[in-house]
Structure formats: structure tokens, C-alpha cells
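Residues in the sequence shown are numbered consecutively from 37, following this note's numbering.
Quick reminder that beta carbons are idealized off the backbone N, C-alpha and C, glycines included.
Take a look at the structure set out below.
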Amino acid sequence: MSRGVSKQRAASATAGGFSIIEIVIALVVGAIAIAVVTPRVSDAYRRYTTRTTADDFVSTHGFARSMATKYGRLSELHIDPSTGRFWVQVDTAGTGVADTIGSPRYPAKKRVRVTSSRPMICFDASGAASSRGACGSGLAVIVFTSGHHADTIRITAAGNVLR
């Protein structure tokens with residue numbers, strides 16, 4: 037009977053499971069892999085969010101131009117670096133009161149910082165850059181940054197986007 041018990045013990049000692057040393061080695065290798073990959077993933081995410089935020093601004097710029105031609109009135113693309121957002125306003129009813137069209141964009145929620153040489157870019161009824169009233173010239177430089185990644189957009193005097 038003692039022979040049968042020792043065979044069972046020998047079989048159970050070699051069957052399945054991991055030793056504590058094997059588990060520790062696996063955890064150390066996993067931790068090293070995470071430590072190597074995390075900065076690269078974080079860097080790629082910052083580059084991606086900076087780029088997509090700049091793309092979103094270009095899209096909003098085009099939207100502002102199209103709203104000016106649609107309503108036949110001055111369209112304003114507002115840029116507020118202090119709150120990290122940009123949005124479009126147009127007097128849709130011709131009452132002299134501008135309405136916010138579309139959703140304001142909040143790059144700060146993605147941890148993207150916005151800086152701009154101008155607080156507002158305007159377009160007239162034909163979609164051309166306007167310097168009427170508080171609008172000033174069409175020239176502007178907008179920079180989106182996250183970490184050490186930056187994406188710069190330049191607006192020409194005619195209101196065109198240069199990337």
C-alpha cells in the first residue's frame with residue numbers, strides 16, 4: 037500500500053501547475069514588456085490625438101465657410117485657447133444675433149492644447165475670408181500640442197488652410 041501512495045505523490049508532483057519561481061519569472065518578463073511598450077503606446081496616442089484634433093479644426097474651418105455661403109451672411113470661426121475649444125457662429129435668421137452652429141470642439145478633453153494667433157476667423161457670404169468688424173485679416177496660425185507633438189495649421193489671407 038505504501039508503494040501505491042508514493043506513486044500517487046510522484047505523479048501529482050510532476051503533473052500540471054507551476055512552481056513559484058516560474059510564476060515570478062513570468063511576472064517579471066510581463067512587467068518588462070509593459071515597461072517597454074507603454075511609453076511607445078502613449079507617444080503614438082499623443083501623436084494621433086494631436087493629428088486628429090488638427091484634422092477636426094480643418095473640418096470645422098470648411099464648415100464655417102460653407103455656413104457663410106449657405107446663409108449668405110458672415111460666419112465666424114471662434115478659437116478660445118483659454119478654454120481649449122473652437123466653434124462656429126452664424127446669424128442664421130438675419131436678426132443680428134449669431135447662433136452657434138454644430139457642436140463646439142473641446143480638444144482640451146483629449147489633453148491637446150490649442151494656441152492661436154487670432155481669436156476669430158471670419159468668412160463672408162461668398163466663403164472668402166472677411167476682415168469686417170472684429171474679424172481682422174484672414175491670416176492666422178493655430179498650433180495643437182500634446183506632449184512634445186505639435187501640429188500647425190496656417191490660414192492664408194484668402195482664408196485657405198495650409199498644413
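Annotation for S78: the continuous alpha helix (DSSP H) segment containing it runs 56–107.
The three-state reading of DSSP puts G195 in coil, since its state is none of H, G, I, E or B. Close CB contacts of F99 within its chain, under the 7 Å cut and outside five residues either way in sequence, are with V124, G138 (chain order). A straight-line Cα-Cα distance of about 20 Å links V148 and L198. In this structure, G183 is the residue among G183, A194, D187, N196 with its C-alpha nearest to the C-alpha of P75. Our two residues, T192 and H114, have alpha carbons roughly 16 Å apart in a direct line. Look at A170 here: in three-state DSSP terms it is helix. A residue is called buried when at least 16 other Cβ atoms come within 10 angstroms of its Cβ; I61 does not meet this threshold and is exposed.
Ranked by how close their Cα comes to the Cα of K106, the residues T89, A134, T128 have T128 in first place. Close CB contacts of R82 within its chain, under the 7 Å cut and outside five residues either way in sequence, are with S182, G183, H185 (chain order). The beta carbon of I157 lies closer than 8 Å to those of H97, A100, E112, L113, I115, A165, C171, G174, A176, I191, G195 in the same chain, with the five residues before and after it left out. For S153, no beta strand (DSSP E) segment is defined, and its DSSP state is neither H nor E. Secondary structure note for R141: its beta strand (DSSP E) is the uninterrupted segment 135–141. Rounded to whole angstroms, T151 and V77 show a C-alpha spacing of 25 Å.
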